[in-house]
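Colleague: Read in my numbering, the sequence shown has 96 at position 78, and its numbers run on one by one without any break. The C-beta atom is built at its ideal place from N, Cα and C for all residues, glycine as well. Sharing a structure with you now.
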Amino acid sequence: MSPFDPRYRRTPAERSVVALYRIAQAIEILLRRRGKSVRLTPTQIDTLLFLKYARPGVRTVGGLAQRLGVTYATASTVADGLERRGLVTRRVVGPDWRVVGLQLTEQGMIQIAHLEGALDSLQAAIGELTLNEQAHFDQMLQVLVRSLQDAGAVQVYEMCWGCQFFRPNAHPDRPATPHHCAFVDAPLADGDTTFECPDFVPAEPVNE
Ligand code: SF4
């Protein structure tokens, strides 16, 4: 039975799938609306955000391909379009000519500042919940993100769960902070493990 079929949408899990699907559609629409004003697609917006916030070592065409979940050639095409618009520059980084770095131009930085507010209305909707509800919602979403990452469906890889410094469940005696970051040598809460981190080092080498 499909959760999209209203006749069978009865369990909380089925209703949640549909609600999350609607939220995903809403995010796409919000990004498209904001991007339309500056003639950028959601993929281009995602690329500019990646280049602003990913750690410098992965701001490459290969890193972008991994982030977008596309081939190297497709990521290169996305970078071409942004380069033509004067939002991104590319250059070979390091001794290996195959590793092409990407950098935001000043104009790219201006554009991304304009685009970052695209999801403000979603944040405002979440802000309508009580603080307890927000904390609970956050906790549940982190569990879902992790599960989807395990299934290979989440492409944001600069998160603890793919980092060589991450020690999952290293503190079973501390339910609030069960994990450990060996880089800063500090315990981590569940909710802290699914954000992009500037100190992330992949457990497996990034395929450039
Ligand atoms: S370095 Fe960053 S990504 Fe890696 S485990 Fe520590 S907090 Fe997580």
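For F155, which of L122, P190, G209, N187 has the nearest alpha-carbon?
Modeller: If you number the sequence shown from 1, residue 155 lands on position 137. Considering only alpha carbons, the answer is G209.
Colleague: Please name the residue or residues paired with R109 in a DSSP beta bridge.
Modeller: On the sequence shown, residue 109 is found 91 positions in, with the first residue counted as 1. For R109, which the question treats as bridged, DSSP gives the partners G119.
Colleague: Using the rule of at least 16 other Cβ atoms within 10 Å of the residue's Cβ for burial, across every protein chain shown, is A93 buried or exposed?
Modeller: As a working mapping, residue 93 is identified with position 75 in the sequence shown. A93 is buried by the Cβ-count criterion.
Colleague: Please determine, among S165, P24, G75, the residue with the shortest C-alpha to C-alpha distance to G112.
Modeller: Here residue 112 refers to the residue found at position 94 of the sequence shown. Considering only alpha carbons, the answer is G75.
Colleague: Along the beta strand (DSSP E) that carries P60, what are the first and last residues, could you check?
Modeller: Along the sequence shown, one-based indexing puts residue 60 at 42. Careful: P60 lies outside any beta strand (DSSP E), inside the alpha helix (DSSP H) at 60-71.
Colleague: On the three-pair Cβ rule with 8 Å, is the stretch 83-102 touching the stretch 54-70?
Modeller: yes
Colleague: Per DSSP, what are the beta-bridge partners of T78 in this structure?
Modeller: Position 60 of the sequence shown, counting from 1, holds the residue named residue 78. Under DSSP, the beta-bridge partners assigned to T78 are G119.
Colleague: If you measure from each residue's Cβ to the nearest non-hydrogen atom of the ligand SF4, which ones come out under 5 Å, in chain order?
Modeller: Taking a cut-off of 5 Å from the heavy atoms of the ligand SF4, the residues with a C-beta inside it are C178, C181, F183, F184, C199, F201, C215, D217, F218.
Colleague: Between L166 and L120, which are expected to be in contact by the criterion C-beta below 8 Å, what is the C-beta distance as a whole number of angstroms?
Modeller: In the sequence shown, counting from the first residue as 1, residue 166 sits at position 148. In the sequence shown, counting from the first residue as 1, residue 120 sits at position 102. With a Cβ gap of about 26 Å, L166 and L120 do not count as contacting.
Colleague: Tell me the rounded alpha-carbon separation between T89 and V79.
Modeller: One-based indexing of the sequence shown puts residue 89 at position 71. One-based indexing of the sequence shown puts residue 79 at position 61. Each residue's Cα considered, the two are about 10 Å apart.
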